[in-house]
Structures are given as C-alpha cells and as structure tokens.
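Worksheet: one structure, shown below.
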Amino acid sequence: MSIFIDRSDRVLVQGITGNEGSFWTRHMMELGTAVTVGVTPGKEGQSVEGVPVYHTIRRAVAERPADAAMLFVPPRFTRDAVFEALDSGLKKIVTIADGIPLQDSVQIRKAALSCGARVVGGNTSGVISPGLAMMGMFPYWIERVYRPGRIGVMTRSGSLTNEVTAMVVRAGFGVSTLVGVGGDPVPGTRFAEMLPDFQDDPGTDAIVVIGELGGTMEEEVAEAMLSGAFTKPVVAFLGGRTAPAGRRMGHAGAIVTGGKGSVADKIAAFEKAGALVADRPRLVGELLVRALGPRS
Amino acid sequence: MKLFEYQAKAAFAERGIAVPERRLCDTADEAAAAAAELGCPCVVKSQVLAGGRGKAGLVRVVASVEEARAYAAELLTGTLGAAHGVRKLLVEAAVDFARELYLSITVDPEAATALVLACADGGVEIEELARMSPERIIRERVDIDVGLLPFQARNIAYALDLEPGQATGFAALLTGLWKTFRDEDAELVEINPLFVTESGTLVAGDGKLVVDDNAAFRQGGAVPSREYFDSDVAFEAALEGIPYLQFDGDISLMCAGAGLTTVVYDLVNYEGGTVANYLEFGGPNYRKAVRAMELCLMNSPKVILIVTFGTIARADVMAEGIAEAIAKLRPRCPIVACIRGTGEEKAVETLKAAGLQPLFDTEEAVGRAVALAAAPSRGTEPGGDSGGRP
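Listed in order, the protein sequences are those of chains A and B.
For the first sequence, our numbering assigns the number 1 to the initial residue and increments by one for each residue that follows.
For the second sequence, our numbering assigns the number 1 to the initial residue and increments by one for each residue that follows.
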C-alpha cells in the first residue's frame, strides 16, 4: 500500500524538457510511475521518454487528463507553476524548488488550502513509495535506503533522509511511503496534515519523523498523538539539538524565532505524547524494534 | 539577510513611520558634529547586526558633545568596538517617552498568512516575552493578498490600551510597517521599542528588517558586502554561494545537505569535539570541492570532516573534487571522509587513490574526526596520509 502516489495516478511533469525534468522523468517511469504528459512553454510537439510535451498545463490536460503535477521549475517561477496547476484542477502537486521566496510560499499554501489541494514542498526530494512509484528525485536504486516495507517516513531534509532511512532498513524494516515536506519555513504541506493518510494506510505500521529545529511542525504531530487522531507508533529524530540560538542552520526553516522551535521543546512535546525520540541516526532502528518487535 | 538599524529606519521613514532625527557617522568627529547638531543628551548606537547591543555596551546615551566624541572613538577605534566589528554609528536625538511597545510582522506558516505581533511590554526581546508572558502577546493574522485592513489595526491598538487619538496614529504606522514588509519582501519587520511619546505620538526607537535572500532577484539584488558577515571566510563563502557558518573550534565540516550537516554538527558536539566551521558543498555546489576545502583551510582546522549522502550531488563527482583539492592544496591536517550516495562505488576508489580511507558510517566518521582533533599534532605529515587510518 502507499499514500499520496501509486501507479494509478497520472502524473504531469512541468519543466519536463530541462536537465532535471527529463532525467527524473525517466527514473519516475522506471520505478513504475505513470508519467503521462509533460509541459514546457514553447516546446509543444516534442516528447521526452515517449511523453508528449505541451506549451501549457491547460493544453496538456485537455488532451491527456492528469491527477498530479510534478514541478521541475526554478524557485522564482514556482508560484506561477503551482497556480497554473491549481487552475487546471490538479490536487496533488510536488515542487522540488529550493529557494522559493518566503511570501510566495505563503501565497502558495493559502491557495492550496483554499481549493483543497495538496502541495508538497518546496525544498524537498518529493514523495516515494519504494518499489511502486515516486514524484520527485530519489535514488531508489540504493537498496540499503529505499527498501519497500511498512514504515512511513516524513522528513524536512533530503540528505538526512538517506542517512536515517538507511538505519530503518539496517534494522530490518522497509518504507511504505516517504514524504519529504521540505526544509522551507512555510512548507506547502505540514507533517500533521499527512498523518490521517498514514493512520488509514493498512500498509503502514509506524512512522518515523525526521525533524529539526525551527517552526512547530513536530509539536503538531505530538498534538495529533495526544488527541488520539494518530495512534500508530512514532519514532522521531531531530537535527540541530546543539545549534546556537538565533542562527539559521542550513535549511531556511531551521531557526528558532519568536521563542518557538527549539529542539528541546520538540523533544518534550514528543515524549509527552509517547513518541520515541532518537538522539542519533543509529538509534532510529533500535527504537523501531522496541516499538514493533525485531525483524529478520 | 538582516539589515542594519540605519537601513531599517530609512525603509520605515520612506513609508511614513516616524523615526528619531539621526545621522549616520563613520568617524568620532562626525559623531561629535551630529551630537552638536541634534542637541544633547542624544544616543550613540553602534551599527552591528548582533542583538543585545545594550548589554554589550554598544549603545549609550551621551550628555555632551565631548562624551559623544570620546564614546564614538572607543567604538570606532577602540578594543570594545573592534571586538564587535563596529564600523558605523547612528547618532540619534533622544526621545521622551511615556510607554514602550513591541510591534512586528512575520508569517504564520500554518495558517498561511502574515502575522502581526504586538505587546504592551516593549523593549524586551520577543523570545523573552514568549517565554515569560506569552498571554500578553497580541496576534493578528493578515491575509497576504488582501493586506492589512483598518479593523485589524484597531484590534491591536485598543488591545495595547492606546487612546482613541493614538489609535489613529497607530493605524497609519502599522500601514507603513505592512508596506515595508510587502515591498521589501521581508521575512521580519520589527519595531522594538516603539515609543509612545509624552504627547501621544508614536516613534520607532529601534528598527529590524530581515529581507528574504530568495527574493533578491526582484529586489534589485544587491551584492553582499563584507560588513554583513562575521568573518572573512563567511564573506568569501557567501560570494561563492556556499552555505557557511563561522565557529571557532577544531573540526572543519565540509558536508553536503543542510539536514545532514546540521546533524554532523550535533554529533561532533556530542562526542566532545568542537566545530571550526559549518560548510555545505552539496546541492548546486557539489563540483566546488576545491573551493570548499580552500575555505575550510582558512580556519587552520585540526581535522577536515567530510560527510555526504547525496543523490543529485553525486558521490563520485564529489570524490574527484576532493582528490583534486588534496593534490592542489596539500592540506597538512588529516581528512576524514564518509561519502555515500549516487556513484559511491567509484567514489571509494577515487578516495583510496587519493590516500584516504573512506568510511561509510556517519557516527564512526565523527568519532574518528574528534579523536584525531584531540590527538597531539603530528606536524608536517601531509593531510591525505593520516586521514582514515585506523
């Protein structure tokens, strides 16, 4: 099972003729994703990996209906691309762009919320259900990371995801669906908004949350656990425990502001809600074993 | 990027916000002339980006032109100023105030709105307010497309216990602050303290403006200059587009990926090591290993610790860059390398050929680096040789 994306979703790729767009279109299709149509303004009539290209999303979906949009678009054009996808009624959108202007990202999330769409990203690798389908850029061929299984993963960081998910696999588990919500201060989709899907997914036994300093997304997961809205085991790993106050560590979203977002606060919230918190990547696997019992 | 107070106040004044009469000064003579012109007492304020200027002794009310000159000299040419990198001073007319308020605009990531924060207890840092008395913070969400509406300004003004006459002035000031937030693509605009004078007018006592680097392309995109950075290396890294933070420890981090680099920073601290610098050469910079190592070496680290787990930032390409950097720069400090991800098999071969012994586990690599940093210096042995040896 998977959440968000499976092989029945028809995926439109915006920016399909670019280097990244064409490279990852090939890999999305190799994994089994149904990429059915592409868009690059000015390039209608071309094709990439056998996928026809149109000037606009409106022209593309008129010929070939799509369920989801994968955006390989630079950050300064991302707002335009997201609104274009929303305008054509697409409800699942993934944007990898790293460097979307903050106030654009507020407008993007507001628009998505107001029309019931889900925008995942920016500043993310995307969403993958290993062995099934993906929207994004994951090295699914690295078996010690992207092994199919029954652990859901939510993350704010691409590089850390490889590191931590390798520990999930090393402990004998695999991944049902991995959702990268991204490292920006205003992600289109927040951790807690993915929880109902993981809760309902019979293919997910527990989730791993890879968070870091800044914002309140981790606290919102803890609240969902406390309220009983999410009842599966949660293992959390948090980066930036020793980060100096007031400095931005890496991701734009990784900064303590307005007295909110310290890792200490997040750990306290998780522990109060009954989540298991790992202070090192290696411990993530051990804590999953503690929560679910050992695997072969 | 955070701007200096004098820049924030110029942006505020442009949009109709009252700020004290002020002069920007580069020398003690200029400061003395400004004090004479504005009248004493007046306030001499160091233009530095760090917070807590008052506590650090970088702001002072001066009673005379002579005191202004002496204090300005201490800040611009003395040890106190040098320790904090003071380059410019703002000399301001003193304001007689009856009350001090707090006012800022930022974003609410969950609601997807802008967010006005206000508090009757101005002059205190918002972090302190949030911790000590969160119930006293007034929050008003503003639709980023509709913009600030008059009722919202009234909501805040009366929650702050302003008089009806003051509330009108407050609405005008908040409108100016909203324009600053939107026009400048700000991440944060803040006035703290916001003075309510004896006569009931509102004056921005301080000004903070943090602009969004990601929006620089539509904001005229000024090239960063040295004064915005706390070290020469940080400035050079910024020009190169390499994410970098300056610390003063032993181990230079040369890693890829914001999340992973942050965790390596944590792990070094856990193991009792100290970090010389945080540096990411992943993402768009994964072909810049030579430049990245050059920046690390400017800190004379005891160890360079390389940890990556890249997808698009290919391991084999980064390994080739590291081999080239070792050949070119001949670092004398040991290098610990843990490079994984796309093309990692080839990366291992490249690193071995460069005299390194590649590791595969982040925590093991951190442990090795901390142990090497703690060991007595081995003198002249070139770096590549001592790197990964057990």
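For each residue, glycine too, the CB sits at the ideal point set by N, CA and C.
- Message: What does the alpha-carbon distance come out to for the pair B:Pro390 and A:Thr242?
- Response: Within the second sequence, numbered from 1, the residue matching residue 390 of chain B stands at position 390. Within the first sequence, numbered from 1, the residue matching residue 242 of chain A stands at position 242. The predicted position of B:Pro390 is uncertain, since its pLDDT is 35 and thus under 50; a value taken from the coordinates is nonetheless stated next. Each residue's Cα considered, the two are about 28 Å apart.
- Query: Of all the options A:Gly158, A:Ile128, A:Thr165 and A:Val127, which has the alpha carbon lying nearest to the alpha carbon of A:Arg144?
  - Reply: In the first sequence, counting from the first residue as 1, residue 144 of chain A sits at position 144. For A:Arg144, the nearest C-alpha among the options comes from A:Thr165.
- Per-residue burial, B:Lys208 [other beta carbons within 10 Å of its own, 16 or more giving buried]: As a first step, residue 208 of chain B is located in the second sequence; it is residue number 208 there, counting from the start. When all chains shown are included, B:Lys208 counts as buried.
- Message: Please report whether the beta-carbon of A:Arg147 lies at a distance below 8 Å from any beta-carbon of chain B.
- Response: Here residue 147 of chain A is taken as the residue at index 147 of the first sequence, counted from 1. So no, A:Arg147 is outside the interface.
- Start and end residues, alpha helix (DSSP H) containing A:Glu331: Because chain A here runs from 1 to 296, residue 331 of chain A falls outside it and cannot be looked at.
- Item | Residues in the segment 298 to 331 of chain B having any Cβ partner in chain A nearer than 8 Å | Thr308, Phe309, Gly310, Thr311 and Ile312
- How would you write the range of the beta strand (DSSP E) that A:Pro196 sits in, first residue to last? Residue 196 of chain A sits at position 196 when you count from the first residue of the first sequence. A:Pro196 -> not in any beta strand (DSSP E); alpha helix (DSSP H) instead, spanning Phe191 to Asp200.
- Query: For A:Leu31, which residues from the same chain have a beta carbon less than 7 Å from its beta carbon, with the 5 sequence-adjacent residues on both sides left out?
  - Reply: The sequence position of residue 31 of chain A within the first sequence is 31, counting from 1. If we look at A:Leu31 and ignore the five residues flanking it on each side, its Cβ neighbours are Ala133, Met134 and Tyr140.
- Near A:Ala68, which residues of its chain fall below 6 Å by C-beta distance, leaving aside the five closest residues on each side in sequence? As a working mapping, residue 68 of chain A is identified with position 68 in the first sequence. Beyond the five residues adjoining it in sequence on each side, A:Ala68 comes within less than 6 Å, by CB distance, of Asp9, Val11 and Lys92 in the same chain, given in chain order.
- Item | chain A contacts from the segment 240 to 260 of chain B (Cβ-Cβ distance under 9 Å) | Residues passing the 9 Å Cβ filter: Pro243, Leu245, Phe247, Cys255, Ala256, Gly257, Ala258, Gly259 and Leu260.
- Message: So A:Asp98 contacts chain B; which residues on that side make the cut at Cβ distance below 8 Å?
- Response: The residue given as residue 98 of chain A occupies position 98 in the first sequence. Here the neighbours are Gly283.
- Message: Determine, for A:Glu212, whether the minimum Cβ-Cβ distance to residues of chain B falls below 8 Å.
- Response: Counted from its first residue, the first sequence places residue 212 of chain A at position 212. Yes, A:Glu212 lies at the interface with chain B (some Cβ there is under 8 Å from its Cβ).
- Report the neighbours of B:Phe4 on chain A: residues whose CB is nearer than 9 Å to its CB, in chain order. Taking the second sequence and counting its residues from 1, the one referred to as residue 4 of chain B is at position 4. Correct list: empty, because the minimum Cβ distance to chain A is about 17 Å.
- Message: Against chain B, with Cβ distances strictly below 8 Å, would A:Ser22 count as a contact?
- Response: Against the first sequence, residue 22 of chain A aligns to sequence position 22. Contact of A:Ser22 with chain B is not assigned, every C-beta pair being separated by 8 Å or more.
- Neighbour flag for B:Val107 against chain A, beta carbons, 8 Å: One-based indexing of the second sequence puts residue 107 of chain B at position 107. It does: the Cβ of B:Val107 has a partner Cβ on chain A nearer than 8 Å.
- Starting from the beta carbon of B:Asp212, find every residue of chain A whose beta carbon is closer than 8 Å, and list them in chain order. Position 212 of the second sequence, counting from 1, holds the residue named residue 212 of chain B. By Cβ distance, chain A contributes Pro101, Leu102 and Gln103.
- Query: Buried or exposed: where does B:Val223 fall if 16 or more other Cβ atoms within 10 Å of its Cβ makes it buried?
  - Reply: As a working note, residue 223 of chain B is residue 223 in the second sequence. By the Cβ-count criterion, B:Val223 is exposed, with fewer than 16 other Cβ atoms from all chains shown falling within 10 Å of its own Cβ.
- Can you list the residues of chain B that A:Ala236 reaches, using a CB-CB cut of under 8 Å? Numbered from its first residue, the first sequence carries residue 236 of chain A at position 236. What A:Ala236 touches in chain B: nothing, since even the nearest Cβ is about 13 Å away.
- Query: Counting only runs that start and end within the segment 7 to 77 of chain A, where is the beta strand (DSSP E) found for 3 or more residues in a row?
  - Reply: 10 to 14, 34 to 39, 51 to 54 and 68 to 71
- Query: At a Cβ cut of 8 Å, what residues of the segment 124 to 147 of chain A count as close to chain B, listed as they run along the chain?
  - Reply: Listed by position along the chain: Ser125, Met137, Phe138, Pro139 and Ile142.
- Query: Do you know offhand how far B:Ser133's Cα is from B:Asp212's?
  - Reply: Within the second sequence, residue 133 of chain B is the residue found at index 133, counting from 1. Within the second sequence, residue 212 of chain B is the residue found at index 212, counting from 1. Looking at the two C-alpha atoms, the distance is approximately 29 Å.
- What number of angstroms, rounded off, separates the C-alpha of B:Ser300 from the C-alpha of B:Pro334? Indexing the second sequence from 1 puts residue 300 of chain B at position 300. Indexing the second sequence from 1 puts residue 334 of chain B at position 334. About 11 Å.
- Query: A:Thr33: which of A:Gly131, A:Asp98, A:Arg109 and A:Arg59 sits nearest, CA to CA?
  - Reply: The sequence position of residue 33 of chain A within the first sequence is 33, counting from 1. Closest option to A:Thr33, Cα to Cα, is A:Gly131.
- Query: Candidates B:Met293, B:Arg332, B:Leu253 and B:Asp143: which alpha carbon is nearest B:Gly321's?
  - Reply: For the purposes of this step, residue 321 of chain B is taken as the residue at position 321 of the second sequence. Checking every option, the nearest Cα to that of B:Gly321 belongs to B:Met293.
- Distance CB(B:Ala354)-CB(B:Met318) smaller than 8 Å: One-based indexing of the second sequence puts residue 354 of chain B at position 354. One-based indexing of the second sequence puts residue 318 of chain B at position 318. No.
- Query: Which bits of chain A does B:Gly51 rub up against, with CB to CB less than 8 Å?
  - Reply: If you number the second sequence from 1, residue 51 of chain B lands on position 51. In chain order: Gly246.
- Hey, is the segment 35 to 49 of chain A in contact with the segment 181 to 190 of chain A, meaning 3+ C-beta pairs nearer than 8 Å? no
- Secondary structure of B:Pro150, DSSP reduced to three states: On the second sequence, position 150 is the one that residue 150 of chain B refers to. B:Pro150 falls in the helix class under three-state DSSP.
- Quick one: what's got a C-beta closer than 6 Å to B:Ala371's C-beta in the same chain, skipping five residues either side? As a position in the second sequence, residue 371 of chain B is number 371, starting the count at 1. Cβ within range, chain order: n/a, list empty.
- Segment limits, beta strand (DSSP E) that includes B:Leu279: Counting from one through the second sequence, the residue named residue 279 of chain B turns up at place 279. Note, B:Leu279: beta strand (DSSP E), Val275 to Leu279.
- Task: For A:Phe270, I'd like the list of residues in its chain whose CB is within less than 6 Å of its CB, leaving aside the five on either flank, ordered along the chain.
- Result: Counted from its first residue, the first sequence places residue 270 of chain A at position 270. Correct list, in chain order: Ala222, Ala236 and Val277.
- Query: Of the residues A:Met167, A:Ser227 and A:Gln199, which one's Cα is nearest the Cα of A:Leu283?
  - Reply: Taking the first sequence and counting its residues from 1, the one referred to as residue 283 of chain A is at position 283. Checking every option, the nearest Cα to that of A:Leu283 belongs to A:Met167.
- Message: What residue range does the beta strand (DSSP E) around B:Gln193 cover?
- Response: Reading the second sequence from its first residue, position 193 is the one you call residue 193 of chain B. For clarity, residue 193 of chain B is Pro in the given sequence; the question names Gln instead. B:Pro193 -> beta strand (DSSP E) spans Ala186 to Thr197.
- Item | Unbroken alpha helix (DSSP H) run spanning A:Ser129, endpoints | As a first step, residue 129 of chain A must be located in the first sequence, where it is residue number 129. Segment Gly126 to Ser129 is the beta strand (DSSP E) holding A:Ser129; no alpha helix (DSSP H) there.
- If you run the structure through DSSP and keep just helix, strand and coil, what is B:Asp232? Taking the first residue of the second sequence as 1, we reach residue 232 of chain B at position 232. In this structure, B:Asp232 counts as helix in the three-state DSSP scheme.
- Query: Relative to the C-alpha of B:Lys179, which residue among B:Asp161, B:Gly147 and B:Val210 is closest?
  - Reply: The count along the second sequence starts at 1 and reaches residue 179 of chain B at position 179. Nearest of B:Asp161, B:Gly147 and B:Val210 to B:Lys179, Cα basis: B:Gly147.
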